[in-house]
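Reading through the structure tokens given below for one structure.
Next comes the structure, spelled out in structure tokens:
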């Protein structure tokens with residue numbers, strides 16, 4: 002689930018925002034620092050979406066924004082219990098996102114849709130704080146991992162020149178196989 006938070010849009014009237022499901026895929030590896038602590042760098046391709054519904058006396062419509070990022074989280078993982086069976090962990094760290102491309106779709110009240118290149122509307126770099134928890138199920142030489150993470154945007158992504166303050170907020174459900 003991906004969404005962007007819009008804090009203030011001057012002279013627009015009422016508006017609403019909502020998120021959408023996105024997609025992420027990538028690779029990671031884990032470097033143990035001790036028996037209970039490790040560092041996990043990752044490289045992900047992430048698609049984030051947002052939609053704004055605009056309503057005032059002269060205009061009704063919506064804007065949809067889809068942005069693809071190369072996201073590079075660096076997570077510190079802590080394993081509070083024993084490392085056998087179902088292994089629980091807590092994780093946190095920073096994520097840097099590098100914008101690869103973006104598309105803005107305007108849906109007008111008359112039913113027309115206008116798609117335009119959105120790269121100029123979104124800054125090239127995005128930073129976020131990541132917190133989460135996970136569980137690993139070990140079987141022989143491989144393990145199934147399931148994580149639930151929250152990415153809280155730290156930087157304003159708006160590059161349109163308006164007074165818009167926009168930051169990504171994302172919930173990730175991550176599943177993977179390690180060996």
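In the numbering used here, the protein residues as written are 2 to 180.
Note that the Cβ used here is the ideal one computed from N, Cα and C, for glycine as well.
- Item | For residue 155, the residue or residues it bridges with in DSSP | Its beta-bridge partners do not exist; DSSP assigns none.
- Query: Taking the alpha carbon of residue 167 as the point to measure from, which residue in 50, 39 and 31 has its own alpha carbon closest?
  - Reply: Per the Cα distances, 50.
- Could you tell me if residue 36 is buried or exposed, where buried requires 16 or more neighbouring beta carbons within 10 angstroms of its beta carbon? Its Cβ having fewer than 16 others within 10 Å, residue 36 is exposed.
- Item | residue 149 vs residue 174 beta-carbon contact at 7 Å | Their beta carbons are under 7 Å apart, which means residue 149 touches residue 174 by this criterion.
- Message: Judging by CA-CA distance, which residue of 78, 25 and 124 is the nearest neighbour of residue 162?
- Response: 124
- Could you name the residues that DSSP lists as bridge partners for residue 106? 65 and 116
- Task: Whole angstroms is fine: what's the gap from residue 66's alpha carbon to residue 39's?
- Result: Using only the alpha carbons, I get a separation of about 36 Å.
- How is residue 18 classed by DSSP in three states: helix, strand or coil? Unreliable placement is indicated for residue 18, whose pLDDT of 48 sits below 50; no coordinate value is reported for it.
- Message: For the beta strand (DSSP E) containing residue 36, name the first residue and the last one.
- Response: Element bounds for residue 36: n/a, residue is neither H nor E.
- Message: Please classify residue 158 as buried or exposed, where buried requires at least 16 neighbouring CB atoms within 10 angstroms.
- Response: buried
- Item | Assigned secondary structure, residue 165 (DSSP; H/G/I helix, E/B strand, else coil) | coil
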